[in-house]
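Protein chains: 2
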Amino acid sequence: MLDERSIKVLWAVINSYINNPDPVGSRYVTRKYSLEFSPATIRNIMADLEELGFLSQPHTSAGRVPTDKGYRFYVENLMDENVCCHKGLIDSLTRRLEDLREDIYTLLDETTRTLSIHSHYLGIAVSPGPDGSTLRRIELIPYSDDRIAVILFTNEGIIKHKILKNNFSFSRNDLNKIARYLNREFSGYTIKEIRQRLLEEMAKDKELCDTLISQALSLCGDVMSCYGANVFISGLTEILELPEFSDIEKIKEISRTIEDKHAVIKLIDSLADAEGVQVVIGAENRVEEMKTLSIITSTYKEGDKPAGVVGIIGPTRMDYSSAISLVDVTARFLTEILDEGGHEWRKGR
Amino acid sequence: MLDERSIKVLWAVINSYINNPDPVGSRYVTRKYSLEFSPATIRNIMADLEELGFLSQPHTSAGRVPTDKGYRFYVENLMDENVCCHKGLIDSLTRRLEDLREDIYTLLDETTRTLSIHSHYLGIAVSPGPDGSTLRRIELIPYSDDRIAVILFTNEGIIKHKILKNNFSFSRNDLNKIARYLNREFSGYTIKEIRQRLLEEMAKDKELCDTLISQALSLCGDVMSCYGANVFISGLTEILELPEFSDIEKIKEISRTIEDKHAVIKLIDSLADAEGVQVVIGAENRVEEMKTLSIITSTYKEGDKPAGVVGIIGPTRMDYSSAISLVDVTARFLTEILDEGGHEWRKGR
DNA sequence: TATTAGCACTCTAAGCTAATGAGTGCTAAA
DNA sequence: TTTAGCACTCATTAGCTTAGAGTGCTAATA
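Take a look at the structure:
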């Protein structure tokens, strides 16, 4: 599709633009990348690349700037894949996350911080949602006369808790009985599966009319229903340093995006199924406010089930090769941590 | 100190400036506030007020702008105190926080959101720290072969949990015994008190050499040590709409402030002891990056002990009367909620 | 035929000037 | 004591010019 010369020029333009957000001129390309052609020739090639949609001109007498299509081509064909010396990242991940292995929320929060510091873009992480979390155990503890605390332990070390008001007042003994029942029935399943089974069981239960069990099921349902994915984002300070965010309107957009965590979950969820690192460039994105941003994500796993997502959000003019490998490394790191935390449990299951 | 005329003028200037961040001119004051003097007279008065430090001029031929001292005088003497029609706020607090009574973290998070929406400034909340939290009960639950989950229930409905690796492997029975011991010893005390007593007990324990108990104490200490206050801030989108934040540098400052939660805790802590609503205006603040911001806080209580802090951060040009009553109402509301959640427990104590 | 040198042309960014106007301080009159 | 009048200051804006970077086209060159 593109001859070697065009590719060289395209690469040069994108590479230069990633390092410095000034439109790239023909003269500059020949000089800086010491190509064996004159500026005039480069101009012709650039004109061709523009016609093909890989480059564009902000105005007639300016240099060229990559388009989304240009970046896409770059990511898929031209990128330097061997940016693997993330010693620094691994070090700081290890250092920061060491003590947090068992509390995945703090862990993810710290992860986003580490990602943003190393990438200078926004770091983002989504905790396992109902599909990704496996129930390990459920505990019921009396809290006050008419309230009980329901505590869910999951495989990822998440502990979800809720204090529920209940009409019947259970003895500690009752609670133990209920808990034992629930554990027997549900532990080892994902939250999503449990929700489904709860519906079935509760339908069945209408016939059984066992108050204790039906109470148990409804308790369980209450907690499950508020079990959602959680988003962590950090690095606002980092991206404010980028020249593309010197415009107030742009900043407002970003801030709206960040504060609306609901929208972020939705966005990320659509990328969660795919294997490996996902790259969405600029207008490929569906969300209006992110059409000038790129997002790179990868899923971390718990066992072999995808659990949650980590990633980076930055301008389309992003250092893709570095960002992609950062995300990749981080996702693998998290997967490993979850593995260590959970293996003795999976063995016993 | 100030005659009635000067006060009228000062009030007019501040009132006008709060509504619209343009330097206020003498002509404008006579017109808008229909004072019985000519612009020339007003000018004289303004010159006096400037000399006294209540007003200042951005440049020679501009109108006047209130100084921090001016705002301080306004807040203490001139403010309209009867801005109590916070029906909307109470409604939305009630609606949003209804389901969250027992999870104070989510509760505070939602509170900041509500505060920011109603004030159009940053909403801020700090959860009870070790001084404010009273231990209600402690539970120990086996998590895996070599780990146990320690769960703290506090009076504010906070549940703090940590999963600890321990060298000895305790039976469920052992754990129950330990838990009973810890509850007998420590429930009803604040976290801070417990930390102190732990130190004493552990010193004593050297003589006793009771492994189970000493293990219990060390477990307890581990969890206690990570018990800190938690900050919630929201409303970035709101304050970005204000004209004072049209400058990128200002935004960077704010974003640094927001992301450094540690600094915020420190700042807020210094205000936590005082009774009622606290107002810190501009450079009265110690933190360099907040010298152009004002902060309004109030403590919410649990029983009669101060628990945590809620507040608003905005520009010095802030609608103080509305902001102050917003914060006041919100703090009372939280206190009430905590009271409802906890009273049956305190009865029994 | 592919490449390149040369040149006229385009467009932005930066700097300069002048005009505008809001607001002041001072003085002298009421 | 208050106020009208007036000269003065200074930020803001618009208009204009210049410099410079980069282009596209054409004609010469290898």
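Protein chains in written order, with our numbering: chain H, 8 to 356; chain A, 8 to 356.
Cβ coordinates follow ideal geometry from the N, Cα and C atoms, glycine included.
heavy atom of the ligand ZN below 7 angstroms from residue i C-beta
i: arginine 34/H; result: Questions concerning the ligand ZN fall outside what the structure shown contains, since it holds no ligand whatsoever.
N-terminal and C-terminal residue of the alpha helix (DSSP H) that residue i is part of
i: glutamate 117/A; result: 111–126
i: lysine 184/A; result: 179–193
i: glutamate 11/A; result: 11–26
i: serine 176/H; result: Where serine 176/H is concerned, there is no enclosing alpha helix (DSSP H), given that its DSSP letter is neither H nor E.
i: glutamate 43/A; result: From DSSP, glutamate 43/A is part of no alpha helix (DSSP H); its letter is neither H nor E.
i: threonine 101/H; result: 94–104
Pair within 8 angstroms by beta-carbon distance, residue i and residue j
i: isoleucine 198/A; j: glycine 164/A; result: no
i: valine 317/A; j: lysine 268/A; result: no
i: valine 294/H; j: leucine 274/H; result: yes
i: tyrosine 128/A; j: glycine 242/A; result: yes
i: leucine 182/A; j: proline 149/A; result: yes
i: alanine 338/A; j: threonine 306/A; result: yes
i: leucine 333/A; j: serine 126/A; result: yes
i: leucine 142/H; j: valine 157/H; result: no
i: proline 313/H; j: glycine 139/H; result: yes
i: alanine 223/A; j: tyrosine 188/A; result: yes
i: arginine 202/A; j: proline 135/A; result: no
i: valine 133/H; j: alanine 236/H; result: yes
i: isoleucine 246/H; j: glycine 321/H; result: yes
i: leucine 42/H; j: isoleucine 49/H; result: yes
i: glutamate 266/A; j: threonine 161/H; result: no
i: asparagine 180/A; j: isoleucine 145/A; result: no
i: leucine 104/A; j: threonine 118/A; result: yes
i: isoleucine 258/H; j: serine 253/A; result: no
i: glycine 7/H; j: serine 301/H; result: Residue 7/H lies beyond the residue range present for chain H, which begins at 8 and ends at 356; the question has no answer from this structure.
Other residues of its chain near residue i: CB distance less than 8 angstroms, five sequence neighbours each side excluded
i: glutamate 351/A; result: For glutamate 351/A, the pLDDT reaches just 45, beneath the cut-off of 50, and the residue's location in the model is therefore unreliable, leaving the point undetermined.
i: isoleucine 21/H; result: Pro73, Gly77, Tyr78, Tyr81 and Leu85
When the options are compared against residue i, the one with the closest alpha-carbon
i: valine 287/A; options: Arg324/A, Asp229/A, Val20/A and Gly315/A; result: Arg324/A
i: aspartate 55/H; options: Ser45/H, Arg71/H and His66/H; result: Arg71/H
i: serine 23/H; options: Val36/H, Arg12/H, Leu96/H and Glu88/H; result: Val36/H
i: isoleucine 155/H; options: Ser176/H, Pro137/H and Glu57/H; result: Ser176/H
i: leucine 205/A; options: Glu83/A, Ile255/A, Ile97/A and Ser225/A; result: Ser225/A
i: aspartate 75/A; options: Ala330/A, Asn292/A and Glu347/A; result: Asn292/A
i: lysine 94/A; options: Leu345/A, Glu347/A and Ser329/A; result: Ser329/A
i: aspartate 229/H; options: Leu159/H, Gly310/H and Ile124/H; result: Leu159/H
i: isoleucine 186/A; options: Glu200/A, His168/A and Cys227/A; result: Looking at the sequence shown, residue 186/A is not isoleucine but alanine. Here the closest residue by C-alpha is Cys227/A.
i: isoleucine 52/H; options: Glu83/H, Ser123/H, Tyr40/H and Leu9/H; result: Leu9/H
i: aspartate 87/H; options: His168/H, His66/H and Ile331/H; result: Ile331/H
i: tyrosine 234/A; options: Asn26/A, Glu200/A and Ala290/A; result: Glu200/A
i: serine 68/H; options: Val31/H, Phe61/H and Leu114/H; result: Val31/H
i: valine 248/H; options: Ser63/H, Ser123/H, Ala19/H and Pro65/H; result: First, the amino acid is wrong: residue 248/H is glutamate here, not valine. Considering only alpha carbons, the answer is Ser123/H.
i: histidine 168/H; options: Phe44/H, Met231/H and Arg12/H; result: Met231/H
Closer than 8 angstroms at the beta carbon, the chain H residues around residue i
i: serine 262/A; result: Leu243, Thr244 and Leu247
i: phenylalanine 340/A; result: Within chain H, no residue comes near phenylalanine 340/A; the closest Cβ sits about 19 angstroms away, beyond 8 angstroms.
Contact list for residue i against chain H, beta-carbon separation under 9 angstroms
i: aspartate 110/A; result: His168, Lys169 and Ile170
i: isoleucine 158/A; result: Glu146, Ile148, Ala156, Ile158, Ile166 and His168
Neighbourhood of residue i by C-beta, 7 angstroms cutoff - its chain only, sequence neighbours within 5 removed
i: serine 99/H; result: Thr121
i: glutamate 343/A; result: none
i: glutamate 296/H; result: Glu260, Arg263 and Thr264
Closer than 7 angstroms at the beta carbon, the chain H residues around residue i
i: phenylalanine 44/A; result: Going along chain H, no residue has its Cβ under 7 angstroms from phenylalanine 44/A, so there is no contact; the nearest lies around 40 angstroms.
i: lysine 268/A; result: Here the premise fails: no neighbours, minimum Cβ distance about 11 angstroms.
i: glycine 164/A; result: Ile170
i: lysine 184/A; result: Chain H residues near lysine 184/A: none, gap ~16 angstroms exceeds 7 angstroms.
i: isoleucine 258/A; result: Leu247 and Ile258
Cut-off 6 angstroms between Cβ atoms - residues of its own chain near residue i, not counting five sequence neighbours on either side
i: threonine 304/H; result: Leu278, Gln285, Val316 and Gly318
i: proline 250/H; result: Pro28
i: methionine 209/H; result: Leu224
i: proline 46/A; result: Ser33, Arg34 and Thr37
Listed by chain order, chain A residues near residue i by CB distance under 9 angstroms
i: serine 253/H; result: Ile255
i: isoleucine 240/H; result: Neighbours of isoleucine 240/H on chain A: none; closest Cβ ~11 angstroms, over 9 angstroms.
Cross-chain neighbours of residue i in chain A, by beta carbon under 7 angstroms
i: glycine 321/H; result: None at all; the shortest Cβ gap to chain A is about 16 angstroms.
i: tyrosine 234/H; result: Per Cβ cutoff of 7 angstroms: no residues; tyrosine 234/H is ~13 angstroms from chain A at best.
i: glutamate 146/H; result: Ile148
i: isoleucine 198/H; result: Those do not exist, as isoleucine 198/H stays about 18 angstroms from chain A at its closest Cβ, beyond 7 angstroms.
First through last residue of the beta strand (DSSP E) which encompasses residue i
i: histidine 168/A; result: 166–172
i: lysine 312/A; result: 312–322
i: arginine 144/H; result: 142–151
i: phenylalanine 239/H; result: 238–241
Proximal residues of chain A, C-beta to C-beta of residue i below 8 angstroms
i: isoleucine 344/H; result: Simply none; closest approach about 13 angstroms.
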